[in-house]
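**Student:** Have a look at this one before I ask anything.
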Amino acid sequence: MRIIEQYEKPDKPALEIQPHAAVGFGCTEAPRGILYHRYRIDDNGVILDAKIVPPTSQNQKTIENDLWQFIPQHIKLPNDQLTLQCEQAIRNYDPCISCATHFLKLKIDRV
């Protein structure tokens, strides 16, 4: 917050640009995989649309498939151990910190 509060607009920009409507995209290698991003701006340089696809979301289907195969094979484990094993399986994909911390709400119905 201090950075925002103490910001002083420079007298002139480092590089003069004239915004125009455009679409830009790119990809960046991140520790967990490739981050894809795409932006659409209007003639004033205002962002109209932004799409960001982080590595965790690219791995989502594989993570789910792994759990679908893992759980039936380990269903006899006590609930706390099964939950822990599922969490570890998900963390094998090195999800982002918030995904790894707040991701799993496991409800076990045994029949």
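Basically the working numbering = 1-based index in the sequence shown + 119.
A virtual CB, placed ideally from N, CA and C, is assigned to each residue, including glycine.
For Leu225, which residues in the same chain have their Cβ closer than 7 Å to its Cβ, ignoring the five residues on either side in sequence?
**Tutor:** Thr202 and Cys205
**Student:** Counting along the chain, where does the alpha helix (DSSP H) carrying Glu124 start and finish?
**Tutor:** Arg121 to Glu124
**Student:** Where do the ends of the beta strand (DSSP E) carrying Glu183 lie?
**Tutor:** For Glu183, there is no enclosing beta strand (DSSP E); the enclosing alpha helix (DSSP H) covers residues Pro174 to Gln192.
**Student:** According to DSSP, what are the bridge partners of Ala149?
**Tutor:** Gly152
**Student:** Is it buried or exposed for Pro214, if we count other Cβ within 10 angstroms and need 16 for buried?
**Tutor:** buried
**Student:** Below 8 Å between beta carbons: does that hold for Leu196 and Pro174?
**Tutor:** no
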